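**Q** Questions regarding the structure given below will be posed in turn.
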Amino acid sequence: MKVSDYVLNRLREWDVDHVFGYAGDGINGLLAAWGRAGNKPRFVQARHEEMAAFEAVGYAKFSGKVGVCAATSGPGAIHLLNGLYDAKLDHVPVVAIVGQTNRSAMGGSYQQEVDLAALYKDVASEFCETVTVPEQLPNVLDRALRTAYARHTVTAVIIPADVQELEYSAPTHAFKMVPSSLGVGHYAPVPSDEDLHHAAEVLNAGEKVAILVGQGARGARSEIEHAADTLAAGVAKALLGKDVLPDDLPYVTGSIGLLGARPSYEMMRDCDTLLVMGSSFPYTQFLPDFGQARAVQIDVDPYMIGLRYPFEVNLVGDAAGTLKRLLPQLKAKKHGKWRRTIEQNTSRWWDVMQRRAAVDADPVNPEYVVHALDDLLPENAVLAADSGSAANWYARHLRMRGAMRGSLSGTLATMGPGVPYVIGAKFAHPDRPALAVVGDGAMQMNGMAELITASKYWRDWSDPRLVVAVLNNQDLNQVTWEMRAMEGAPQFVPSQSIPDVRYADFARSLGLGGARVEEPGGVREAWQKALAADRPFVIDFRTDPAVPPIPPHATWDQIEAAASAVVHGDVDRTAMVRQGVKSKIQEMLPGRRHRDDRPGAGDEG
Numbered sequence: 001m002k003v004s005d006y007v008l009n010r011l012r013e014w015d016v017d018h019v020f021g022y023a024g025d026g027i028n029g030l031l032a033a034w035g036r037a038g039n040k041p042r043f044v045q046a047r048h049e050e051m052a053a054f055e056a057v058g059y060a061k062f063s064g065k066v067g068v069c070a071a072t073s074g075p076g077a078i079h080l081l082n083g084l085y086d087a088k089l090d091h092v093p094v095v096a097i098v099g100q101t102n103r104s105a106m107g108g109s110y111q112q113e114v115d116l117a118a119l120y121k122d123v124a125s126e127f128c129e130t131v132t133v134p135e136q137l138p139n140v141l142d143r144a145l146r147t148a149y150a151r152h153t154v155t156a157v158i159i160p161a162d163v164q165e166l167e168y169s170a171p172t173h174a175f176k177m178v179p180s181s182l183g184v185g186h187y188a189p190v191p192s193d194e195d196l197h198h199a200a201e202v203l204n205a206g207e208k209v210a211i212l213v214g215q216g217a218r219g220a221r222s223e224i225e226h227a228a229d230t231l232a233a234g235v236a237k238a239l240l241g242k243d244v245l246p247d248d249l250p251y252v253t254g255s256i257g258l259l260g261a262r263p264s265y266e267m268m269r270d271c272d273t274l275l276v277m278g279s280s281f282p283y284t285q286f287l288p289d290f291g292q293a294r295a296v297q298i299d300v301d302p303y304m305i306g307l308r309y310p311f312e313v314n315l316v317g318d319a320a321g322t323l324k325r326l327l328p329q330l331k332a333k334k335h336g337k338w339r340r341t342i343e344q345n346t347s348r349w350w351d352v353m354q355r356r357a358a359v360d361a362d363p364v365n366p367e368y369v370v371h372a373l374d375d376l377l378p379e380n381a382v383l384a385a386d387s388g389s390a391a392n393w394y395a396r397h398l399r400m401r402g403a404m405r406g407s408l409s410g411t412l413a414t415m416g417p418g419v420p421y422v423i424g425a426k427f428a429h430p431d432r433p434a435l436a437v438v439g440d441g442a443m444q445m446n447g448m449a450e451l452i453t454a455s456k457y458w459r460d461w462s463d464p465r466l467v468v469a470v471l472n473n474q475d476l477n478q479v480t481w482e483m484r485a486m487e488g489a490p491q492f493v494p495s496q497s498i499p500d501v502r503y504a505d506f507a508r509s510l511g512l513g514g515a516r517v518e519e520p521g522g523v524r525e526a527w528q529k530a531l532a533a534d535r536p537f538v539i540d541f542r543t544d545p546a547v548p549p550i551p552p553h554a555t556w557d558q559i560e561a562a563a564s565a566v567v568h569g570d571v572d573r574t575a576m577v578r579q580g581v582k583s584k585i586q587e588m589l590p591g592r593r594h595r596d597d598r599p600g601a602g603d604e605g
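Here's what the structure looks like:
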């Protein structure tokens with residue numbers, strides 16, 4: 001058994017069933033071992049190493065298992081970095097296995113020699129090790145996998161090409177040998193009784209309780225529902241926690257933050273008590289004013305506790321386990337005005353979203369494109385959104401229900417992971433439909449090439465449905481609106497305008513399904529056709545770049561009127577862009593919040 005054979009064998013023992021990668025001579029030994037092992041674990045060939053890393057992230061996010069990616073030395077290892085940082089910043093367990101030049105050439109400025117330990121020092125800061133002798137295995141692999149699982153982070157194993165070819169020799173029962181064992185074990189830390197009692201005192205004293213959940217609370221759905229019912233609270237969701245609770249619960253106010261919902265903003269503005277679970281939501285200005293609310297945080301990672309807000313009680317523990325111990329100490333509150341207001345505002349928000357989606361645009365309103373998908377989604381769908389304006393509509397128009405899962409690049413907010421995420425999801429759940437909503441910029445950057453990956457593998461999926469919806473507005477739209485809002489500048493065409501590409505035609509050239517939609521009447525039919533297809537399907541929606549992503553702290557009147565003013569021609573588009581947009585949007589940006597910015601109080605808030 002060679003070292004390369006042992007690596008794959010150990011991965012199998014860790015129940016790794018897929019490795020996403022791209023070939024190169026720095027991992028030739030491993031590739032040969034894959035041939036000897038009958039392609040187990042399965043090597044999934046991406047079009048680019050960055051895409052392999054994104055697919056590993058998507059696989060890990062949607063499976064709950066570690067994602068593994070592999071790349072050659074030098075450029076291959078470098079290309080992995082963006083996807084690995086996406087995993088690190090979103091706390092996703094991913095292991096990178098990368099090649100290196102032969103040990104005899106290291107330090108000699110050899111071809112494709114890069115100082116990988118220095119390169120990976122930050123992204124794999126929890127564990128990055130180079131294997132120089134066979135006896136380092138299995139310890140190095142076990143620690144990489146165990147650390148990725150335990151710390152929810154990125155680790156890296158660097159294996160020089162000549163080491164891959166060495167005969168494997170296990171560590172012995174001897175001095176300076178480090179044997180190892182499989183498994184990470186299951187554990188759920190919970191806080192001390194004293195801390196739990198203090199937290200209960202804070203939550204019981206509050207009259208207007210707000211809850212914020214993130215992806216770290218995903219396994220605590222029933223406990224969160226129980227807590228919300230007991231405390232008569234509303235629940236807002238960080239974007240990475242969009243699938244923690246279903247949106248058909250009347251007290252779930254939707255997303256929070258720049259891409260969030262007005263009811264979430266109002267709940268945080270008016271609450272007197274805040275409970276945050278499994279979230280490191282970064283935008284402090286969307287949380288209660290300092291001194292306004294007493295606050296409790298629950299997080300499994302002590303390194304992430306106490307961030308973003310002056311919490312009175314910090315509970316280090318698993319969300320479900322902590323809530324199970326906390327719930328008996330909570331006193332039931334009456335479902336009065338506070339809870340009714342939350343539910344009324346939430347109902348109003350969904351009504352406003354439906355009306356905003358219904359207005360005309362040139363040629364198609366992007367809000368309508370995504371809103372029309374909402375009631376067509378299968379309840380076991382897996383969803384991904386790319387960074388950009390597509391994330392706005394994903395956050396605001398798609399309601400989670402049933403067993404739906406969804407994610408995006410939450411913290412790095414990088415362009416391009418939408419399509420590789422859902423490809424990774426299909427290997428995690430080949431029996432479930434997967435959908436990605438992406439902008440045309442992200443599609444041109446990464447998505448088109450990865451359609452080739454989908455065309456290569458889709459026949460292996462028991463449910464072949466993988467739908468990619470491209471919001472084709474020929475504009476890098478999110479940055480365009482940011483320029484207008486923050487700089488008062490019109491669209492800078494050389495940087496923002498991108499070509500009109502026939503995405504559906506490209507998909508059909510690969511043997512996939514495709515449709516181009518250039519008028520509103522074809523939107524719903526295209527979604528239905530894609531969801532009924534017997535293969536992956538790309539929908540090229542020609543959308544209007546002039547529909548603004550209005551911030552949630554805009555007043556209700558502004559939220560309802562903003563799209564209408566543009567698409568109905570109530571104001572001249574060019575004049576609005578060149579003269580009025582900065583002032584119009586800046587007055588919606590968070591500044592000093594007034595208590596009179598409630599619905600019906602006028603626009604002064």
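Counting in the UniProt record's numbering, the sequence shown runs from 1 upward without gaps. From the three backbone atoms N, C-alpha and C, an ideal C-beta is built for every residue, glycine too. The model shown is predicted, which means the values in this text are computed figures rather than measured ones.
#1: Taking the alpha carbon of residue 436 as the reference point, which residue from 427, 449, 422 has its own alpha carbon closest?
#2: Nearest CA to the CA of residue 283: which residue from 273, 293, 292, 268?
#3: Does residue 70 come out as helix, strand or coil in the three-state DSSP assignment?
#4: What is the rounded straight-line gap between the Cα of residue 196 and the Cα of residue 302?
#5: What are the complete alpha helix (DSSP H) segments, minimum 4 residues, inside the region 18-47?
#6: Could you check which residue in 30, 6, 61 has the C-alpha nearest to that of residue 83?
#7: Please state the DSSP three-state secondary structure of residue 119.
#8: Below 6 Å CB to CB, which residues in the same chain sit around residue 219 once its five sequence neighbours on both sides are set aside?
#9: Between the C-alpha atoms of residue 244 and residue 106, what's the straight-line distance to the nearest angstrom?
#10: For residue 377 versus residue 408, is the C-beta spacing smaller than 9 Å?
#11: Could you say if the region 303-316 and the region 257-273 meet the contact criterion of at least three C-beta pairs nearer than 8 Å?
#12: Please go through the same chain and pick out, in chain order, the residues whose beta-carbon is closer than 6 Å to the beta-carbon of residue 416, but skip the five residues on each side of it.
#13: Let me make sure I understand the geometry here. Which of 337, 336, 371 has the alpha-carbon closest to that of residue 352?
#14: With 16 as the cutoff for other CB atoms within 10 Å, does residue 355 come out buried or exposed?
#15: Can you name, in chain order, every residue of its own chain whose Cβ lies under 7 Å from the Cβ of residue 146, other than the five neighbours on each side?
#16: Quick check: the Cα distance between residue 124 and residue 155, rounded to an integer number of angstroms?
#17: How many Å lie between residue 289 and residue 91 at the Cα?
#18: Could you give the distance in angstroms between the alpha-carbon of residue 237 and the alpha-carbon of residue 252?
#19: State the DSSP-derived secondary structure class of residue 433, mapped to helix, strand or coil.
#20: From the DSSP output, which residues share a beta bridge with residue 501?
#21: Identify which residue in 248, 388, 239 has its Cα closest to the Cα of residue 257.
#22: Could you name each continuous alpha helix (DSSP H) segment of 4 residues or more that falls completely within the region 108-157, going from the start of the chain to the end?
#23: Just checking my contact of residue 95 with residue 148 at CB under 8 Å: how many whole Å lie between their CB atoms?
#24: With contact counted as at least three CB pairs below 8 Å, one residue from each stretch, are the region 29-42 and the region 381-399 in contact?
#25: Starting from residue 316, follow the beta strand (DSSP E) in both directions and report where the run begins and ends.
#26: Heavy atom of the ligand MG less than 8 Å from the Cβ of residue 341, yes or no?
#27: If you draw a straight line from the C-alpha of residue 70 to the C-alpha of residue 41, how long is it?
#28: Alpha carbon to alpha carbon, how far is residue 610 from residue 536?
#29: Using only the alpha-carbon positions, how far apart do residue 228 and residue 366 sit?
#30: Beta carbon of residue 315, beta carbon of residue 297: below 9 Å?
#31: Where do the N-terminal and C-terminal ends of the alpha helix (DSSP H) with residue 277 fall, by residue?
#32: Leaving out five residues on either side along the sequence, give the residues of the same chain with a beta carbon under 7 Å from the beta carbon of residue 151.
#33: Alpha carbons only, please: which of 153, 133, 27 is nearest the one belonging to residue 65?
#34: So, does the region 129-136 touch the region 166-176, judging by three or more C-beta pairs under 8 Å?
#35: Within the region 255-340, note down every full alpha helix (DSSP H) run reaching 4 residues or more, in order along the chain.
#36: With a threshold of 8 Å, are at least 3 pairs of Cβ atoms found where one atom belongs to the region 199-213 and the other to the region 379-398?
**A** According to the structure data:
#1: Considering only alpha carbons, the answer is 422.
#2: The shortest C-alpha separation from residue 283 is found at 268.
#3: Looking at residue 70 - three-state DSSP - the assignment turns out to be strand.
#4: 16 Å
#5: Runs found: 28-36.
#6: 61
#7: helix
#8: 320
#9: Going by the C-alpha atoms only, they are around 47 Å apart.
#10: Taking 9 Å as the Cβ cut-off, residue 377 and residue 408 do not qualify as a contacting pair.
#11: no
#12: For residue 416, where only same-chain residues beyond five positions count, the Cβ hits under 6 Å are 442, 445, 446.
#13: 371
#14: It is exposed - the Cβ of residue 355 has fewer than 16 other Cβ atoms within 10 Å.
#15: 184
#16: About 5 Å.
#17: Taking the straight line from one Cα to the other gives about 28 Å.
#18: 8 Å
#19: coil
#20: BP columns for residue 501 are empty, so no partner.
#21: 239
#22: 116-119, 139-151
#23: 5 Å
#24: These segments do not touch.
#25: 313-316
#26: Of ligands this structure carries none, so the ligand MG is not represented either.
#27: 12 Å
#28: Not covered by the structure: residue 610. The range shown for the chain is 1 to 605.
#29: 33 Å
#30: Taking C-beta atoms as the reference points, residue 315 and residue 297 count as a pair closer than 9 Å.
#31: Counting along the chain, residue 277 falls outside any alpha helix (DSSP H), though it belongs to the beta strand (DSSP E) covering 273-277.
#32: 126
#33: 153
#34: yes
#35: 262-270, 319-326
#36: no
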